[in-house]
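Using numbering that gives the first Met the number 0, you'd call the opening residue of the sequence shown number 0 and step up by one each time.
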Amino acid sequence: MAVPIVIDCDPGHDDALAIMLAAGDPGIDLLAVTTVAGNQTLEKTTFNALRVCTVAGITGVPVAAGCAQPLVEPLEVAEDVHGVSGIDGPRFPVPTVAAVPEHAVELLRRVLIGHPEPVTLVPTAPLTNIALLLTRYPEVAGRIKEIVLMGGSTERGNRTPAAEFNIHVDPEAADIVFRSGVPVTMCGLNVTHQALATPGVLARFEALDSELGWICVELLRYFAGTYRRLFGFSAPPVHDPVAVARVIDPRIVDCVDAHVAVELHGRHTRGATVVDLHGRLGLPANARVAVGLRTDLFWDRMVAAVAALGAARD
Ligand code: RIB
Ligand code: CA
Numbered sequence: 000m001a002v003p004i005v006i007d008c009d010p011g012h013d014d015a016l017a018i019m020l021a022a023g024d025p026g027i028d029l030l031a032v033t034t035v036a037g038n039q040t041l042e043k044t045t046f047n048a049l050r051v052c053t054v055a056g057i058t059g060v061p062v063a064a065g066c067a068q069p070l071v072e073p074l075e076v077a078e079d080v081h082g083v084s085g086i087d088g089p090r091f092p093v094p095t096v097a098a099v100p101e102h103a104v105e106l107l108r109r110v111l112i113g114h115p116e117p118v119t120l121v122p123t124a125p126l127t128n129i130a131l132l133l134t135r136y137p138e139v140a141g142r143i144k145e146i147v148l149m150g151g152s153t154e155r156g157n158r159t160p161a162a163e164f165n166i167h168v169d170p171e172a173a174d175i176v177f178r179s180g181v182p183v184t185m186c187g188l189n190v191t192h193q194a195l196a197t198p199g200v201l202a203r204f205e206a207l208d209s210e211l212g213w214i215c216v217e218l219l220r221y222f223a224g225t226y227r228r229l230f231g232f233s234a235p236p237v238h239d240p241v242a243v244a245r246v247i248d249p250r251i252v253d254c255v256d257a258h259v260a261v262e263l264h265g266r267h268t269r270g271a272t273v274v275d276l277h278g279r280l281g282l283p284a285n286a287r288v289a290v291g292l293r294t295d296l297f298w299d300r301m302v303a304a305v306a307a308l309g310a311a312r313d
């Protein structure tokens, strides 16, 4: 039975792949895509979501723009990682789909209230939209099956030595989500850094020989250059689809229950996710935390989803 989800994203090279995995895998019923400022401005992340839906042949899935700024601090984008457009590298067609006029939080509320069963939210970006939803409409919490997010880390960060980008951009929003009482699964860098798009993975996308397959190759080649230049990685970690893969088949992403706190005040550590893996604080677990990835199963699903979307389009 396909799991109904909404992706809340900031495309973003890896967000683009997360959208494709969600749309192309039979285990997911993608109800909507919402966008937020993060990797780039809201205008650009929304335009990019529309470009991805267009090139992937995703129709009938509403796309709504959300928050243009984090809750407290000014927006910081990741132009050094994703480029001026937010998904530099491929040449995308002009979008043939448009965003709906309602705000992402209103679309999320409408979908949650209107869907016959609880819906899984998959944020792959700063958590501003999700925090605003839970704050403005607390009554919808009961309609959320779980929040499976890409963000944080049980170890070091990537935007700062302590903080992962999605959490660092809006720590107050992340704090609201982790303290909301809604079931949260955190797929952090400690696991997503295992989802490396190696030359062997790129060869699998090349072998599809479809327009969408080549778009993925070009996305990953750009991302590879970024991660080699900034972090010395031999292959780029594709973060966001890991959260979608956890929803598709929990065996792909191994998790443990733990208490997660978001650092809001540390001079050097603001935005860090402090994960108490050994229960040292004696606090109840408030999240499932990803600690392992079956990379073979992950890439099988990712490539199969792109193949399915590409076949439907070509
Ligand atoms: O730290 C990785 C996360 O930040 C990913 O979601 C990537 O798209 C960026 O938003
Ligand atoms: Ca993202």
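Glycine is no exception: its CB is placed at the ideal position from the N, C-alpha and C atoms.
Beta-carbon gap between residue i and residue j smaller than 8 Å
i: VAL314; j: LEU30; result: In the structure displayed, the chain extends from 0 to 313; residue 314 sits before or after that span and is not available.
i: ALA77; j: ASN38; result: yes
i: LEU133; j: SER84; result: no
i: VAL288; j: VAL255; result: yes
i: HIS12; j: HIS81; result: yes
i: LEU106; j: VAL176; result: no
i: ILE86; j: LEU218; result: yes
i: GLU101; j: THR119; result: no
i: GLY23; j: VAL305; result: yes
i: THR123; j: ALA17; result: yes
i: ASP28; j: PRO3; result: yes
i: PRO10; j: VAL51; result: yes
i: VAL54; j: THR44; result: no
i: LEU111; j: ARG135; result: no
i: ILE251; j: LEU292; result: yes
i: GLY156; j: ALA311; result: no
i: PRO283; j: HIS258; result: yes
i: ASP174; j: LEU263; result: yes
i: SER209; j: ASP313; result: yes
Extent of the continuous alpha helix (DSSP H) to which residue i belongs
i: LEU308; result: 294–312
i: THR45; result: 41–54
i: ASP79; result: 78–81
i: ASP275; result: Note, ASP275: premise wrong, no alpha helix (DSSP H); beta strand (DSSP E) at 272–275.
i: GLN175; result: The sequence given here places Ile at residue 175; Gln does not occur at that position. Here the alpha helix (DSSP H) through ILE175 covers 170–177.
i: ILE112; result: 103–113
i: GLU205; result: 198–207
Rounded separation between residue i and residue j - CA only
i: GLY59; j: ALA48; result: 14 Å
i: PRO117; j: MET0; result: 14 Å
i: PRO240; j: ALA21; result: 8 Å
i: SER152; j: ARG158; result: 11 Å
i: LEU308; j: LEU211; result: 8 Å
i: VAL314; j: ARG266; result: The structure shown does not extend to residue 314, since the chain is modelled only from 0 to 313, so the question has no answer here.
i: GLU154; j: VAL246; result: 23 Å
i: ALA97; j: VAL62; result: 7 Å
i: PRO182; j: ALA286; result: 7 Å
i: VAL273; j: ALA162; result: 10 Å
i: ALA130; j: PRO73; result: 16 Å
i: HIS114; j: PRO137; result: 17 Å
i: PRO94; j: ASN189; result: 35 Å
i: MET149; j: VAL121; result: 8 Å
i: VAL71; j: ASN128; result: 13 Å
i: ARG357; j: VAL168; result: Here the chain has residues from 0 to 313 only, and residue 357 is not among them.
i: ASP7; j: VAL32; result: 6 Å
i: ALA260; j: VAL104; result: 24 Å
i: GLU171; j: CYS66; result: 14 Å
i: GLY224; j: ASP79; result: 11 Å
i: VAL166; j: VAL139; result: According to the sequence provided, residue 166 is Ile. The question's Val does not apply to it. Each residue's Cα considered, the two are about 23 Å apart.
i: LEU280; j: ARG109; result: 38 Å
i: GLU205; j: VAL216; result: 7 Å
i: HIS277; j: PRO89; result: 44 Å
i: MET389; j: ILE214; result: Nothing can be reported for residue 389: it is not among the residues displayed for the chain, which extend from 0 to 313.
i: PRO249; j: MET301; result: 15 Å
i: LEU201; j: ASP275; result: 36 Å
i: ARG227; j: THR197; result: 12 Å
i: GLU75; j: PHE164; result: 9 Å
Where the beta strand (DSSP E) containing residue i begins and where it ends
i: THR34; result: 27–34
i: ASP9; result: Where ASP9 is concerned, there is no enclosing beta strand (DSSP E), given that its DSSP letter is neither H nor E.
i: ALA63; result: 62–64
i: VAL96; result: Neither: VAL96 is in no beta strand (DSSP E) and is coded neither H nor E.
i: VAL191; result: Before going on, a small fix: residue 191 reads as Thr here, not Val. Not the beta strand (DSSP E): THR191 falls in the alpha helix (DSSP H), residues 188–191.
Short CB-CB distance (under 8 Å) between residue i and chain D
i: VAL96; result: Structure shown: chain D not included; a single protein chain is present.
Neighbouring residues (CB closer than 7 Å to any heavy atom of ligand 2): CYS8, ASP9, GLY11, ASP13, ASP14, GLY37, ASN38, THR123, ALA124, MET149, ASN165, HIS238 and ASP239
Mind listing, in chain order, the continuous alpha helix (DSSP H) runs of no fewer than 4 residues lying wholly within the segment 115–166? 127–135
Curious, which full-length alpha helix (DSSP H) runs of at least 4 residues does the segment 219–265 contain? 240–247
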